[in-house]
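So the structure is just underneath, and the comments pick up after that.
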Amino acid sequence: MSAKPKVAFFEFTSCEGCQLTVVDSLQDHPELLDAVEIVQFREAISEKGEDYAIAFIEGSCSRPSDEPKLQAIRQQAAIVVALGACAHLGGINAIRNRMPLQEVREYVYGDRAEWFETYEPRPIKDVIKVDAVIPGCPIDRREFIKAVTHLLQGRMPFIPDQPLCMECKLKENICVYTRGKVCLGPITLAGCDAICPTYGDGCEGCRGLIANPNIEAMRQVMHEHGLTDEAIDAKLSMFLTNQIMALEEAG
Ligand code: SF4
Ligand code: SF4
Ligand code: SF4
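Residue numbers for the sequence shown follow the numbering used here, beginning at 48 and rising by one.
In structure tokens, the structure reads:
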């Protein structure tokens, strides 16, 4: 019997871009393939082993029928890792959560709305206990490799709670606000090497919020840089709908 940790990958509502990033990362780090046994990974193998210790889950939970599947994974796996913004935050799928569900269903499926089972997309932590998160849309290759290395060493992957602006400043980037663009860096979790501002674009918040974001100040800054309330709401909805709705509910 193999002594290597058995690992499985699962996808729920997602584009599978994070799993493709995993495939890409492993091509650069084949040594990790010697250190684990992958028993289920639709992007790479046909086998569907049900005996695993570490489960990486991509995608949001967007149907009631996803819940028992997630619970079964949780029951089997000693460690569950949320892979990417869909699993971590509900992802882009959660944009629709500010609209009435029935309206969304009818917009998408027309007079056949009742044929399709769907509800408000949610992060997997709303359904099962999650032990670690690898954020981002898609995940960062280096962060995935680091997370797997930590897991193999018996440590939990850890994401420091600091804003993207800090990482961006350390790279000596010129702030995109000075170039007439908007950026969610002040409220977004760092760790992606500030890739969007580094290439001249504003951050869209794909890694989720820092622990104590000042949303009002962020709105004020975007307002001062010419965004309407509607445009600000749209900016904050790309990835952050569920987190901001939760903050609003908490008052
Ligand atoms: S987080 Fe982004 S890249 Fe990953 S599955 Fe979701 S939409 Fe795709
Ligand atoms: S570009 Fe964005 S992340 Fe960088 S300093 Fe400006 S606001 Fe912060
Ligand atoms: S800069 Fe922002 S949007 Fe771009 S990858 Fe990093 S967290 Fe995501």
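For each residue, glycine too, the CB sits at the ideal point set by N, CA and C.
- Exclusion of the five residues before and after residue 228 leaves 249 as the residues of its chain whose Cβ lies within less than 6 Å of its Cβ.
- Per the DSSP secondary-structure output, residue 186 pairs in a beta bridge with 183.
- Set against 8 Å, the gap from the CB of residue 242 to the closest heavy atom of ligand 3 is smaller.
- Relative to ligand 3, the beta carbon of residue 133 is positioned no closer than 8 Å to any heavy atom.
- Less than 9 Å divides the Cβ of residue 100 from the Cβ of residue 53.
- By the C-beta density criterion, residue 218 is exposed, having fewer than 16 other C-beta atoms within 10 angstroms.
- DSSP places residue 87 in the uninterrupted beta strand (DSSP E) bounded by 84-87.
- Placement of the Cβ of residue 185 at a distance of less than 8 Å from at least one heavy atom of ligand 1 is found.
- The beta-carbon separation of residue 106 and residue 182, rounded to 14 Å, does not stay under the 8 Å limit for a contact.
- Checking the 8 Å criterion, the Cβ of residue 224 is within range of a heavy atom belonging to ligand 2.
- Going by DSSP, residue 63 is part of no beta strand (DSSP E) at all; its letter is neither H nor E.
- A distance criterion of 8 Å places the beta-carbon of residue 249 beyond contact range of ligand 1, judged by its closest non-hydrogen atom.
- Per DSSP, reduced to three states, the secondary structure at residue 217 is helical.
- For residue 85, the shortest separation between its Cβ and any heavy atom of ligand 1 does not lie below 8 Å.
- In its chain, beyond the 5 residues on either side, 230, 249, 250, 251 have a beta carbon closer than 8 Å to the beta carbon of residue 243.
- Here residue 186 is not near residue 210, since their CB atoms are 9 Å or more apart.
- If you look at residue 120, you'll find it in the alpha helix (DSSP H) that goes 113-123.
- Proximity of the segment 200-209 to the segment 269-280 falls short of the contact definition, fewer than three beta-carbon pairs being nearer than 8 Å.
- For residue 138, the shortest separation between its Cβ and any heavy atom of ligand 3 does not lie below 8 Å.
- Counted as a single uninterrupted DSSP element, the alpha helix (DSSP H) harbouring residue 281 occupies residues 276-284.
- Residue 66 places its beta carbon less than 9 Å from that of residue 90.
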